[in-house]
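Everything in the sequence shown is counted per the working numbering, starting at 504 for the first residue and increasing by one.
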Amino acid sequence: MHTNTQSAYVFEIVLHPRPSGALAGVVWSDGMGDWPTLEVPRSTSGEPMTIVFDKAFERLGGLERMYTEPDGSFVWVGPGGGTQWQIDGNAAEKDSRVLLAELKGNCPPEALDRLLGAFGWPEQSVMMQLVRAGVFLDEETFRRHATARAAAGN
504 MHTNTQSAYV FEIVLHPRPS GALAGVVWSD GMGDWPTLEV PRSTSGEPMT
554 IVFDKAFERL GGLERMYTEP DGSFVWVGPG GGTQWQIDGN AAEKDSRVLL
604 AELKGNCPPE ALDRLLGAFG WPEQSVMMQL VRAGVFLDEE TFRRHATARA
654 AAGN
């Protein structure tokens, strides 16, 4: 991962579909602030997204400077120059649909929007699990956390 403080977001997450049964959880704290979490019912943890895996990968492959592999891994890099960023990812499937996507990197908000769009967002409601903490965040809270990480330079 290339760290660049010019990127608005820095993250290491697992992207999941947000189940309708997700409820407000405890407040989790780290060195960058206090973050409301989501409590996710175990019965919904294995539910895939609505988008078909092959369709998501077709969309990912349509992004400029995106490199995809048939095993579900991908790397998307920024245009270079003063706007260096990179997202490394790996998507998993269940019943021919995207189950989750591991995402690590840094990027501007517009790039994240385009990446999420490949997975059916905004029609597909999503939540993000922070890898290190293991907590689930709604999209808005995740974006604030990723912005705080970028500002902190980590």
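Where is the CB? At the ideal position from N, CA and C, for every residue including glycine.
**Report entry** CA-to-CA distance, Val580 to Met569, given in whole angstroms
**Finding:** Computed Cα separation, rounded: 7 Å.
Report task. Note down the Cα distance separating Ala621 from Leu563, rounded to an integer number of angstroms. Result -> 6 Å
Query raised in the report: Between which two residues does the beta strand (DSSP E) carrying Ala604 extend?
Result: Arg600 to Cys610
Query raised in the report: Do three or more CB pairs link the region 586-606 to the region 531-545 at distances below 8 Å?
Result: no
Query - Presumed contact (8 Å Cβ cut-off) between Val680 and Val634, rounded CB distance - result: This structure cannot settle anything about residue 680, because the visible part of the chain is limited to 504 through 657.
**Report entry** Euclidean distance between Cα positions of His505 and Arg617
**Finding:** Here His505 scores only 38 on pLDDT, less than 50, and its place in the model is too uncertain to base an answer on.
Query raised in the report: Whose C-alpha, out of Gly583, Trp538, Ser576 and Ser628, is nearest the C-alpha of Ala595?
Result: Taking only the C-alpha atoms, the option nearest Ala595 is Ser576.
Query raised in the report: Which class does Phe560 belong to by DSSP, given the choice of helix, strand or coil?
Result: If DSSP states are grouped into helix, strand and coil, Phe560 belongs with the helices.
Query raised in the report: Does the Cβ-Cβ distance between Asp591 and Pro551 come in under 8 Å?
Result: no
Report task. Using the DSSP secondary-structure output, state which residues sit across from Ala594 in a beta bridge. Result -> Ala604
Query raised in the report: What three-state label does DSSP hand Phe639 in the structure shown?
Result: strand
Query raised in the report: Within 10 angstroms of its Cβ, does Asp654 collect 16 or more other Cβ (buried), or is it exposed?
Result: Asp is not the amino acid found at residue 654; the sequence shown has Ala there. Burial call: exposed.
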